[in-house]
């Protein structure tokens, strides 16, 4: 039986947390939540593994 993965963000979601968030099925965030990927600033590639 399939179970959806749900994520809730309350604050800042950066780097590895953002990659984990991208692999979830349902995302819920507060209006003032902030999201960022740090790898491009350092010349790297972000790699998400589901």
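Residue numbers (the numbering used here): 1 to 50. Built from N, CA and C at the ideal position, the CB exists for glycine as well. For clarity, every value in this text was computed on a predicted model and none was experimentally measured.
{"Item": "For residue 12, the first and last residue of its enclosing beta strand (DSSP E)", "Value": "12-14"}
{"Item": "Rounded separation between residue 3 and residue 22 - CA only", "Value": "16 Å"}
{"Item": "Segment limits, beta strand (DSSP E) that includes residue 7", "Value": "6-9"}
{"Item": "Contact set for residue 11: own chain, Cβ-Cβ below 7 Å, skip 5 residues either direction", "Value": "33"}
{"Item": "Closest Cα partner of residue 37 within the set 24, 29, 17 and 8", "Value": "17"}
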